[in-house]
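The block underneath contains the structure these notes are about, expressed in structure tokens.
Numbering (the working numbering), first residue to last: 462 to 762.
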């Protein structure tokens, strides 16, 4: 866990090295060790009492707990630490490769959700200037992932438009800009509202984009593997391999689960800030997430 390397932007890290001079590497290593020890101690302590007591805290105490929470959320794990985590798996979640005759029923079910995990896959191109159309759309509820494959559904894929444009359904994922652009370009679908989890962590102070692997590690304490062989595979083939199906489903499920965990971790601080009449979360983050913090029931639907 290298706090300085992964939490600071390249510009800030370069400035820090310049300020520290010739002993920069040694001093940064000492700060990393101290920071890592602090986080380990914080993780081992019983924080449930502290969280329950948040509304009663004021001033420095509340801000210190908020700082610890933010630091825990934006600190990246290194490869060794990632390798020691248990894998993120389906764990009973259903995966459905949607057939044409199932599409209407599936979309009716999804339309009842408040939050869905969202991702897409596209067949990789190894020729300059050649770009394949979007191959697969993944939509996940808390316990089910639906895979909509273009090769199976053809023009029926356009029937996802009402769900993907439904203002009452939040689509959460990682790196959603390119996914949204592809759907707009190829299908005239404007995916909205959508929330990129990278943006949320940036609002908390992350200097670099976290990405799916780091988000899953930080929020779920699990490891999600993304082998290039699968990433670059042919997503147009019918049928998809079992490896492709699991890979695609885990991406969308991870987004949905990470969002739910983020709400659970941030909600106590949002409520405490209202009680103390102070601002902890950024204004942008508060505006985007307030309705989910205030919901009594699970945001997962």
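A virtual CB, placed ideally from N, CA and C, is assigned to each residue, including glycine.
Cα-Cα separation between residue i and residue j, rounded to whole angstroms
i	j	result
residue 624	residue 522	43 Å
residue 554	residue 676	20 Å
residue 551	residue 539	24 Å
residue 474	residue 491	15 Å
residue 753	residue 724	7 Å
residue 642	residue 670	19 Å
residue 737	residue 536	27 Å
residue 576	residue 709	18 Å
residue 541	residue 714	24 Å
residue 486	residue 585	40 Å
residue 649	residue 700	27 Å
residue 744	residue 735	13 Å
residue 687	residue 566	31 Å
residue 728	residue 720	12 Å
residue 707	residue 722	22 Å
residue 579	residue 665	22 Å
residue 793	residue 712	The first residue shown for the chain is 462 and the last is 762, placing residue 793 beyond what the model contains.
residue 478	residue 698	50 Å
residue 653	residue 690	31 Å
residue 614	residue 639	22 Å
residue 544	residue 495	22 Å
residue 684	residue 672	12 Å
Cβ shell of residue i (< 8 Å), same chain only, five flanking positions each side left out
i	result
residue 488	481
residue 726	530, 534 and 680
residue 731	741, 742, 747, 750, 751 and 754
residue 568	620, 621, 623 and 624
residue 572	623, 624, 627 and 630
Identified DSSP bridge partners for residue i
i	result
residue 582	597
residue 524	DSSP, once it has assigned bridges, lists no residue as partnering residue 524.
residue 699	Beta-bridge pairing links residue 699 to no other residue.
residue 610	597
residue 683	547
residue 558	608
residue 573	According to DSSP, residue 573 bridges with nothing at all.
residue 634	657
Residue closest to residue i, alpha-carbon to alpha-carbon, out of the options
i	options	result
residue 693	684, 685 and 704	704
residue 593	602, 612, 575 and 559	612
residue 616	595, 604, 634 and 601	595
residue 682	477, 525 and 549	549
residue 663	525, 635, 733 and 495	635
residue 563	618, 484, 495 and 653	618
residue 667	483, 495 and 532	532
Residue i burial status per 10 Å Cβ neighbour count (16 or more: buried)
i	result
residue 659	buried
residue 644	buried
residue 507	At residue 507 the pLDDT is 44, less than 50, meaning the model places this residue with poor confidence and gives no usable figure here.
residue 604	exposed
residue 717	buried
residue 574	buried
residue 674	buried
residue 702	exposed
residue 632	buried
residue 602	buried
residue 678	buried
Near the ligand MN: residue i beta-carbon under 7 Å from a heavy atom
i	result
residue 734	Here there are no bound small molecules, and the ligand MN is not part of this structure.
Other residues of its chain near residue i: CB distance less than 6 Å, five sequence neighbours each side excluded
i	result
residue 598	581 and 609
residue 527	730 and 741
residue 637	655 and 657
residue 695	584
residue 607	557, 559, 567 and 600
Beta-carbon proximity list for residue i, same chain, < 7 Å, skipping 5 on both sides
i	result
residue 647	594 and 595
residue 756	none
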